[in-house]
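Residue numbers (the working numbering): 652 to 901. See structure below.
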Amino acid sequence: RSDQAVKYVDSDETVFPLSMLEAGLGTTNDGVYENAVDAEGNVKGISFGETVITVSNDSGTSISVNVKVCFKDVTDPAKSTYKTIYWGADAGIISGFSDGTFGPEANCTRGQFAIMLWRMAGKPAAYGEPKEFSDVTSSMAYYKAISWASSEGIVNGFNDGTFRPDDPLTRAQIVIMVWRYLGKDEAESENSFPDVPSGNTTYRAVQWASENGIVRGYSDGTFRPENNCTREQIVTILYRAVREGFMEVK
652 RSDQAVKYVD SDETVFPLSM LEAGLGTTND GVYENAVDAE GNVKGISFGE TVITVSNDSG
712 TSISVNVKVC FKDVTDPAKS TYKTIYWGAD AGIISGFSDG TFGPEANCTR GQFAIMLWRM
772 AGKPAAYGEP KEFSDVTSSM AYYKAISWAS SEGIVNGFND GTFRPDDPLT RAQIVIMVWR
832 YLGKDEAESE NSFPDVPSGN TTYRAVQWAS ENGIVRGYSD GTFRPENNCT REQIVTILYR
892 AVREGFMEVK
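Structure below.
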């Protein structure tokens, strides 16, 4: 895990002491771990990924260990979002923060989601004349993603000319963006949620996404469109869209 040392063990579960290790650590690093061994024979993970590390002693005995480095706040395989988060990371759709965390329960911002969707689409360039937003400049990390999304009609921004990239993304907004990205298909079912009436601007998108298993409501039958979406919820929605055959990672 990225906040812990990775300890090498042989088949008898015995730790290789530093005195038994050669100066190097096999042939590859892959950017997953630090290419150094501490006094106890440990190696520190530095980023998400998988790699194979080989260690050996002076007599020529060696062992190769498959190592997976995880986000330090996504470590419980029993949690329902564990699989989807690592699916997203492995596909290059999401990334964590510099402290080794993913922040699964943090709100996902509008700018963050634009980047996720842009990565899924293969990082395309903006088409034609993208809409300019007063609060999105070319020096920002999400500039290309937002420019592309606006040029494709996936995002619109607000009446004051802003995009508000750091605002949290609501459940209604994520569904509308995905729906637009996929071509605005129509649902075949009637209204599923009492808090998303047919006159609501998000109605068609929410109905389609619900009908096709991409989003779900709450146990009381509501959708709660104005609730913020967490980062783990966003990845789960994208995962379901791919699983159901509506999206693909390009």
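Glycine included, C-beta positions come from ideal geometry on N, C-alpha and C.
Please go through the same chain and pick out, in chain order, the residues whose beta-carbon is closer than 7 Å to the beta-carbon of Glu883, but skip the five residues on each side of it. The count along the sequence shown starts at 1 and reaches residue 883 at position 232. So the list reads Thr732, Ile736, Pro755, Glu756, once near-sequence residues are dropped.
Between the alpha carbons of Val900 and Thr712, how many angstroms are there, rounded? Position 249 of the sequence shown, counted from the start, is the residue given in the question as residue 900. Position 61 of the sequence shown, counted from the start, is the residue given in the question as residue 712. When rounded, the separation of the alpha-carbon atoms in Val900 and Thr712 is 42 Å.
What is the DSSP secondary structure of Ile714, counted as helix, strand or coil? For the purposes of this step, residue 714 is taken as residue 63 along the sequence shown, with counting starting at 1. Ile714: strand per DSSP, three-state reduction.
Count the other CB atoms within 10 Å of the CB of Phe897; is the residue buried (16 or more) or exposed (fewer)? Working through the sequence shown from its first residue, we reach residue 897 at position 246. Taking every protein chain shown into account, the CB of Phe897 has 16 or more other CB atoms within 10 angstroms, so this residue is buried.
Which one of Ser710, Leu833, Ile865, Thr813 has the shortest CA to CA distance from Arg894? The residue given as residue 894 occupies position 243 in the sequence shown. Proximity to Arg894 across Ser710, Leu833, Ile865, Thr813 peaks at Ile865, based on C-alpha coordinates.
According to the neighbour-count rule (16 or more other Cβ atoms, all chains shown, within 10 Å of its Cβ), is Met771 buried or exposed? One-based indexing of the sequence shown puts residue 771 at position 120. Counting Cβ neighbours within 10 Å, Met771 comes out buried, since at least 16 surround it.
Please report the straight-line C-alpha distance between Ile885 and Cys759, rounded to a whole angstrom. As a first step, residue 885 must be located in the sequence shown, where it is residue number 234. As a first step, residue 759 must be located in the sequence shown, where it is residue number 108. For Ile885 and Cys759, the distance between alpha carbons rounds to 7 Å.
Entirely within the stretch 757-844 and at least 4 residues each: give me those alpha helix (DSSP H) ranges in chain order. For the alpha helix (DSSP H) assignment, the uninterrupted runs of no fewer than 4 residues enclosed by the stretch 757-844 are, from N- to C-terminal side, 761-771, 794-802, 822-832.
Given that a residue counts as buried once 16 or more other Cβ atoms are within 10 Å of its Cβ, and exposed if not, what is Ser849? Within the sequence shown, the letter at position 198 stands for residue 849. Taking a 10 Å sphere around the C-beta of Ser849, we find fewer than 16 other C-beta atoms and assign the residue as exposed.
Residue from Phe722, Leu768, Lys730 whose Cα sits closest to the Cα of Phe748: Residue 748 sits at position 97 when you count from the first residue of the sequence shown. Closest option to Phe748, Cα to Cα, is Phe722.
Could you pull the DSSP bridge partners for Asn851 from this structure? To locate residue 851, count along the sequence shown from 1; it is residue 200. Answer is none; Asn851 lacks a bridge partner.
On a CA-only basis, which of Pro728, Thr752, Ile888, Arg815 is nearest Val829? Give me that one, please. For the purposes of this step, residue 829 is taken as the residue at position 178 of the sequence shown. Proximity to Val829 across Pro728, Thr752, Ile888, Arg815 peaks at Ile888, based on C-alpha coordinates.
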